[in-house]
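Protein chains in written order, with the working numbering: chain A, 1 to 153; chain H, 154 to 306; chain Z, 307 to 459; chain U, 460 to 612.
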């Protein structure tokens, strides 16, 4: 599915006391703007998904990602705070980290930054872990450790 | 799936020499605008999908729709012409009809109109008919006749 | 901008101890689904916007809406909780009320319900009130009262 | 607006007998999929916009782009043909070239390819050139030459 080696331009991993932080960049699309001349507020939350995908890829979790985020890692809650707007043609940095891992859920935290590092939008999403029959189950230990950057799954 | 009787406000069927024309209305969402202050061009094509769903519903094709448009009636081609823009808060009329039924495909034609009947966007989409294994097959006669308003499937 | 009288099918106002609650309905679009077979999580937040627009319209606040929500009533924060998924073709009810009016902001609360009244998604959005030069200012008293259903602006 | 030097990973210019072809890559977002498990058909047309932005950037037309594509280079027509679907997590190549420059319009042609070079979607968009008061006018000679790669504007 990931058909070419990732370049450094695509994702950057920063090791922090809070665990790995993964950065990726994106150009703002005109399709993402609204009649206020800025990015419509739900598109930043799509960028959270872009950040989460980069996180999975950066930590070598592509297979888990393909199986779980797509199929059985649904969003249970989302919140976002809007600090400053992005505009068409801007280059935005999305920073993603795991904020909390519980027995049956994982919470990701996100920052969308401009090129000067100023915060545009911050937020988080909480995901349940479902088994093949769609029931919420405990996160397998290997996935839990991989999520916090301690090991590959 | 369609859990309440349809009101006349939802869809209107006009019988014409070219076969049935189905009308439905929608309010323009702020999410659909862009930084030019008007509706972003791909959202009109989503409205074509809204019109197509109204067409299926109006002709009692809900079951075919559920099985086929969602699962095995993929879009093979689309075209749209932009005559005048819609803006946030506008009430838009979407008119849908079957332009052509061929042995293995069907083409719908659409008009998005303002409340005065002026054309905003016109276009068409062509869909293949796939069987359960994903191969393009002949349209069943019952579906073909239902599509052109001659019979229920 | 609102070019025809609103029908009862479009918005319903329920008077409650917490102030007016405005209901509107929508069909789930195929464009709103994702590869999990359900509505992608940010589209419910677009439906919050649909509910907010219905709220403005229902309370006769169209002019405020046109001027303010579009131009100077930006979203400062959003949160959503996902209880059960909506699917293509479902008819969804969006219920909107004003949860809190502060001197410089207003918070709307939303419920997306299925036709049996079961909760799909709940959430809220907080909006600042900006003056023509883009500064956060106090909500004019007339707007505040109109928002809580006490008077027309 | 373009706050860092472009890397080769971002856009590639191929000189051809038909003029410059600009390539850029993107990851398919989960938000772009639908309940058929593949990318919803209008999102490819958003990718055309991504390709067009890459084209403007690659040819140093950022300023024209900012002024014109955003503000006064509206889409007059679009068409797309769907050959094979893209899926979540795929890496897609978008190739953009100028197909035709007329006195008052420009037509871009696009190919969305998978990593093996197979065509997913092909299409084109035609844009009018509007002056500050919104009237269709002749394309300035400098812009016309820049568009076909002959000179900077």
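Built from N, CA and C at the ideal position, the CB exists for glycine as well.
Remember, predicted model here, so these are calculated numbers, not experimental data.
Residue ranges of each alpha helix (DSSP H) run of no fewer than 4 residues wholly in the region 71 to 151 of chain A, ordered along the chain? Listed in chain order, they are 141 to 147.
Contact list for residue 182/H against chain Z, beta-carbon separation under 7 angstroms: 352, 355, 356
Counting only beta-carbon separations shorter than 7 angstroms, does residue 493/U have a partner in chain Z? yes
Using a C-beta to C-beta distance shorter than 9 angstroms, which residues of chain A count as neighbours of residue 478/U? Correct list: empty, because the minimum Cβ distance to chain A is about 23 angstroms.
Helix, strand or coil: which one does DSSP assign to residue 29/A? coil
Can you tell me the Cα-Cα spacing of residue 40/A and residue 576/U, whole angstroms? 33 angstroms
Taking 7 angstroms as the CB-CB cut-off, is residue 442/Z touching chain A? no
Cβ of residue 569/U less than 7 angstroms from any chain H Cβ? no
Residue 603/U: which of 585/U, 561/U, 573/U sits nearest, CA to CA? 561/U
Within the continuous beta strand (DSSP E) that includes residue 473/U, where are the two ends? 471 to 475
Under 7 angstroms, Cβ to Cβ, is there at least one residue of chain U near residue 394/Z? yes
Quick check: is the beta carbon of residue 12/A nearer than 7 angstroms to any beta carbon in chain U? With respect to chain U, the C-beta atom of residue 12/A has no partner C-beta closer than 7 angstroms.
Does residue 599/U pass the burial test, meaning 16 or more other C-beta atoms within 10 Å, or should it be called exposed? exposed
Could you check if residue 237/H is buried or exposed, using at least 16 other CB atoms within 10 Å of its CB as the buried criterion? exposed
Should residue 340/Z go down as buried or exposed, given a rule of 16 or more other Cβ atoms within 10 Å for buried? The residue in question, residue 340/Z, is buried, as its Cβ has 16 or more Cβ neighbours within 10 Å.
On the premise that residue 264/H lies in contact with residue 248/H, defined as a C-beta separation below 8 angstroms, what is that separation, rounded to the nearest angstrom? 4 angstroms
Alpha carbons only, please: which of 77/A, 27/A, 81/A, 54/A is nearest the one belonging to residue 433/Z? 81/A
Using beta carbons (cut-off 7 angstroms, strictly below), is residue 464/U in contact with chain H? In this predicted model, residue 464/U has a pLDDT of only 39, less than 50, meaning its place in the structure is not dependable enough to derive any value.
Quick one: Cα of residue 179/H to Cα of residue 348/Z, how far? Looking at the two C-alpha atoms, the distance is approximately 20 angstroms.
Nearest to residue 155/A (by Cα), restricted to the options 136/A, 93/A, 130/A, 106/A: Not covered by the structure: residue 155/A. The range shown for chain A is 1 to 153.
CB of residue 414/Z within 7 angstroms of CB of residue 428/Z, strictly: Going by C-beta atoms, residue 414/Z is not nearer than 7 angstroms to residue 428/Z.
Have a look at residue 12/A and residue 470/U and give me their C-alpha separation to the nearest angstrom. About 19 angstroms.
In this structure, does DSSP put residue 184/A in helix, strand or coil? With chain A covering only 1 through 153, there is no way to say anything about residue 184/A.
Output, in chain order, the set of chain U residues within a Cβ distance shorter than 8 angstroms of residue 149/A. What residue 149/A touches in chain U: nothing, since even the nearest Cβ is about 21 angstroms away.
Within 6 angstroms: the Cβ of residue 202/H and any heavy atom of the ligand GTP? This structure simply doesn't include the ligand GTP, nor any ligand for that matter.
I'd like to know whether the C-beta of residue 496/U is nearer than 7 angstroms to at least one C-beta of chain Z. yes
For a contact meaning CB atoms closer than 9 angstroms, what does residue 481/U contact in chain H? Listed along the chain, the chain H residues whose CB falls inside 9 angstroms of the CB of residue 481/U amount to none; the nearest CB is some 20 angstroms away.
For residue 510/U, which three-state DSSP category applies? helix
Buried or exposed, going by whether 16 or more other CB atoms sit within 10 Å of the CB of residue 366/Z? exposed
Among the residues of its own chain, which have a CB less than 7 angstroms from the CB of residue 487/U, if the five just before and after it don't count? Annotation for residue 487/U: 498, 545, 546, 547, 548, 549, 551 place their beta carbon closer than 7 angstroms to its own, counting only its chain and skipping 5 residues before and after.
Going straight from the alpha carbon of residue 342/Z to that of residue 496/U, what length do you get? Residue 342/Z and residue 496/U: Cα-Cα distance of roughly 7 angstroms.
As a quick exercise: from 133/A, 129/A, 98/A, pick the residue whose alpha carbon is nearest that of residue 16/A. Of 133/A, 129/A, 98/A, the residue nearest in Cα terms is 98/A.
With distances taken Cα to Cα, identify the nearest neighbour of residue 516/U among 594/U, 480/U, 593/U, 589/U. Closest by alpha carbon: 480/U.
Nearest chain Z C-beta to residue 223/H closer than 7 angstroms, yes or no? The pLDDT assigned to residue 223/H is 40, lower than 50, so where the model puts this residue is not dependable, and the model offers no usable value.
Label residue 444/Z either buried or exposed according to how many other C-beta atoms from any shown protein chain fall within 10 Å of its C-beta, with 16 as the threshold for buried. exposed
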